[in-house]
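Q:
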DNA sequence: CTTGGCTATTGACACGTTTTAATCGACGTG
DNA sequence: CACGTCGATTAAAACGTGTCAATAGCCAAG
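Here you go:
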């Protein structure tokens, strides 16, 4: 049996000089035809392009980057790949990057400091062009080191870090908490629980502050009216588990509303309340945060504070691009406004 | 004012030869100390390590890869970053890769052929060590080209492609459809709608076939009993929109159960039914597929066919690793078994 | 015919590493 | 003392590309 006349790439991969040889020109010319086609005369360019096609040549980006000192991939460091908030952001980042011909390396810190450190190290070794980062809540020392290594980054969803350190894009969490608070006050609720994530998260604290500000604004003493309850994680299991604590104190002291730092938490709360025979919104109003995909599809629909997730991702990537391109760059703080979306899970207090 | 005695990295990035100079050895020795420490004598090794620390040297992976011909990053090409099924898989892939010191480049084809092609091209240019791929349903020509370029890959969630082409890991969709079917038959349902995604998706077709097989097994003619309804996409919006068609034909011909190809679809269906005043499971049973996070937290809980998403990801990455390491590699087909999870959304038919 | 100017192309080097073969020094053995 | 051996280190050659100064070719002007 004679082997099929396969194409001739059985050898090691084909390099720029192979193409040059085939087209009867020098490697430098091939490089020019690839990178600055205007500098090379029409007929030679056509010959080279033909050779590229015939040999199925694909340039080696290591060599390119090594020589030019420029990489065309950026990092995206998130806290949790499985969180719908982050994936929506990731989609935004990816879309803009891909428009620009940049590849996105997704890194998942799983909210652990050591994994963040490893990821940062990797970005430095890869000499990534830049990164979009949602840091774990410890210090930003890793990140500062990364910038000193020549990899700039944009901060995502951390409103507390100043513009002296880096560009950042975030949503005004205080305003979000306030919007939720005003809504609840408007419905007549005066005894509300704030179901927070871990207290170390700046986002959680800012939302609480907003909620309290809304009550104060209405002449209600926030210390008496809002009780914060902290959970270990921002997921549904934590929310469901917290229900017991929410209801502690018996029916007389039962809260009139629960404002959750997260839709996942709210989901767990809804589940837990349902299991205990409490109706939403008849017995209790529930407000979430984020407006993730399922929020509008629950029954009742979840009233929640929406964040422009996809747009956040796009904006962060754009900020990074401008930092990469502009020569005299000044850091910029971008703040989006959250939007309250009223659905069926909140109703007037029937006192 | 004298400037602070900053560390001396104001110059361009520090290379291996800088370290060598500082430690009073040759670059080769530094390389050895980094890669094969046993070959270098104790005192020199210590000197070099010290110099590395003092200069804060971080090796440049381009140079390394260029020379050694080996990359330490693998691609993960998914159909939709925002789909919880994929993100869970991604987490599995990432975890195994990170154990092995490999970086994962996440690429999103958004189910579009052109974006898949671009991604494949990128992997070739980057000379990725390998890839885990969930291809769009067109042909696998792009992928075959990629392998010819020297980048091996493992197929994910596509049961129809043979082991002659590549390793693959998937879940037995036929068995999953059958499990759902048997469950519904056991509850007495004999008029069920299969709410499929696009008919071109092999997964959707296989699940339908399984459903039909279960009915046939019970002595019911599948052609009369199950009506397939196709949607454009596998998301909640499509599911909600499809409700109208599900109910077409009036209350007399109303289906007794709906089996959805996807939990997102099922979510939309639940929402749509609720809006029309139909109760689940009293008026209609609903079954989903995947068992994504919110499935158990809905009210009622969604009966669904669970897939070991995280394990799939891990297995795929392991398969890829073995292909990278083994010399004489033979492609392997790995098949996971789905598991039916019965919750509140299904009940016996009250005829 | 010579000179100058312009364009298209070419060599050669640099990028930061790894790796191989060669060198060096020291030490034990005949 | 000569010789071989062995371990530690080094010098130099790759890897595939981009860039830049230099060159060849060509035409028009002097």
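Chains as they are written, first to last, in the working numbering: chain E, 62 to 412; chain C, 62 to 412. Built from N, CA and C at the ideal position, the CB exists for glycine as well.
Helix, strand or coil: which one does DSSP assign to residue 284 of chain C?
A: Residue 284 of chain C: helix per DSSP, three-state reduction.
Q: Taking the straight line between their C-alpha atoms, what separation do you get for residue 182 of chain C and residue 207 of chain C?
A: Whole-angstrom Cα-Cα distance: 8 angstroms.
Q: Check whether the stretch 280 to 287 of chain C touches the stretch 296 to 309 of chain C, taking contact to mean three or more Cβ pairs, one atom from each stretch, closer than 8 angstroms.
A: no
Q: Residue 43 of chain E versus chain C: which residues are under 8 angstroms apart at the beta carbon?
A: Chain E is shown only over 62 to 412; residue 43 of chain E falls outside these bounds and no answer can be derived.
Q: Of all the CB atoms in chain C, is at least one closer than 7 angstroms to the CB of residue 69 of chain E?
A: For residue 69 of chain E, the pLDDT reaches just 44, beneath the cut-off of 50, and the residue's location in the model is therefore unreliable, leaving the point undetermined.
Q: Going by the beta-carbon positions, is the gap between residue 84 of chain E and residue 109 of chain E smaller than 7 angstroms?
A: yes
Q: Just to confirm the assignment: which complete alpha helix (DSSP H) runs, minimum length 4, are found wholly within the stretch 224 to 285 of chain E?
A: For secondary structure counted as the alpha helix (DSSP H) over 4 or more consecutive residues, the stretch 224 to 285 of chain E holds these complete runs in sequence order: 234 to 247 and 263 to 278.
Q: Do residue 314 of chain C and residue 157 of chain C come within 7 angstroms of each other at the CB atom, strictly closer than that value?
A: no
Q: Nearest to residue 400 of chain E by alpha carbon, out of E/373, E/351 and E/387?
A: Of E/373, E/351 and E/387, the residue nearest in Cα terms is E/351.
Q: Along chain E, which residues have their Cβ under 8 angstroms away from the Cβ of residue 152 of chain C?
A: At a beta-carbon threshold of 8 angstroms, the residues of chain E lying near residue 152 of chain C are 142, 143 and 169, ordered along the chain.
Q: Please return the same chain residues whose Cβ sits closer than 7 angstroms to the Cβ of residue 262 of chain E, not counting the five positions on each side in sequence.
A: 198
Q: Quick one: list the residues of chain C neighbouring residue 256 of chain E, beta-carbon separation under 7 angstroms, in chain order.
A: Chain C residues near residue 256 of chain E: none, gap ~15 angstroms exceeds 7 angstroms.
Q: At 7 angstroms on the CB atoms, spell out the chain E contacts of residue 235 of chain C, in chain order.
A: Simply none; closest approach about 28 angstroms.
Q: Within 10 angstroms of its Cβ, does residue 96 of chain E collect 16 or more other Cβ (buried), or is it exposed?
A: exposed
Q: Could you give the residue range of the beta strand (DSSP E) that holds residue 410 of chain C?
A: It is not in any beta strand (DSSP E) - residue 410 of chain C carries neither H nor E in the DSSP assignment.
Q: Taking Cβ positions, are residue 132 of chain C and residue 192 of chain C nearer each other than 7 angstroms?
A: no
Q: Between residue 203 of chain E and residue 149 of chain E, what straight-line distance do the alpha-carbon atoms span, to the nearest angstrom?
A: About 25 angstroms.
Q: Find the residues of chain E that neighbour residue 355 of chain C, judging by a C-beta separation of less than 7 angstroms, and give them in chain order.
A: 328 and 355
Q: Going straight from the alpha carbon of residue 254 of chain C to that of residue 144 of chain C, what length do you get?
A: 24 angstroms
Q: Check each candidate in C/330, C/162, C/317 and C/298 and name the one with the smallest Cα separation from residue 304 of chain C.
A: C/330
Q: So what does DSSP say about residue 190 of chain C, is it helix, strand or coil?
A: coil
Q: State the start and end residues of the unbroken beta strand (DSSP E) segment that holds residue 164 of chain E.
A: 164 to 169
Q: Please report the residue range of the beta strand (DSSP E) in which residue 349 of chain E lies.
A: Residues 346 to 351.
Q: Per DSSP, which residues does residue 318 of chain E bridge with? Please list them.
A: E/253 and E/346
Q: Please classify residue 324 of chain C: is it buried, with 16 or more other beta-carbons within 10 angstroms of its beta-carbon, or exposed?
A: buried
Q: Only counting the same chain, and skipping five residues up and downstream in sequence, which positions put a Cβ closer than 8 angstroms to that of residue 139 of chain E?
A: Closer than 8 angstroms at the Cβ level, and outside the excluded window around residue 139 of chain E, lie 147, 150, 151, 167, 168, 169, 170 and 195.
Q: Just checking, does the stretch 262 to 274 of chain E make contact with the stretch 230 to 237 of chain E on the three C-beta pairs under 8 angstroms criterion?
A: Yes: the two stretches touch, three or more of their Cβ pairs being nearer than 8 angstroms.
Q: How far does the beta strand (DSSP E) with residue 468 of chain E in it reach, from first residue to last?
A: The first residue shown for chain E is 62 and the last is 412, placing residue 468 of chain E beyond what the model contains.
Q: Taking all protein chains shown into account, decide if residue 65 of chain C is buried (16 or more other Cβ within 10 angstroms of its Cβ) or exposed.
A: Because residue 65 of chain C sits at a pLDDT of 39, beneath the cut-off of 50, its placement in the model cannot be relied upon, and the following sentence gives the value as read from the coordinates. An exposed status is given to residue 65 of chain C, since fewer than 16 other beta-carbon atoms sit within 10 Å of its beta-carbon.
Q: Is there a Cβ of chain E sitting closer than 7 angstroms to that of residue 62 of chain C, yes or no?
A: Because residue 62 of chain C sits at a pLDDT of 42, beneath the cut-off of 50, its placement in the model cannot be relied upon, and the point is left open.
Q: Determine the extent of the beta strand (DSSP E) in which residue 74 of chain E is found, giving its start and end residues.
A: Taken as a continuous stretch (DSSP letters only), residue 74 of chain E belongs to no beta strand (DSSP E), as it is neither H nor E.
Q: Please specify which runs of the alpha helix (DSSP H), each continuous and at least 4 residues long, are wholly inside the stretch 96 to 120 of chain C, giving them in chain order.
A: 103 to 116
Q: Could you check how far apart the C-beta atoms of residue 406 of chain E and residue 346 of chain E are, in whole angstroms? I think they sit under 8 angstroms.
A: 6 angstroms
Q: For residue 148 of chain C, which residues in chain E fall below 8 angstroms Cβ to Cβ?
A: Within 8 angstroms Cβ-Cβ: 142, 143 and 148.
Q: Using 7 angstroms as the threshold, is the C-beta distance between residue 301 of chain E and residue 333 of chain E below it?
A: yes
Q: Taking the alpha-carbon of residue 245 of chain C as reference, which of C/358, C/404 and C/214 has the nearest alpha-carbon?
A: C/404
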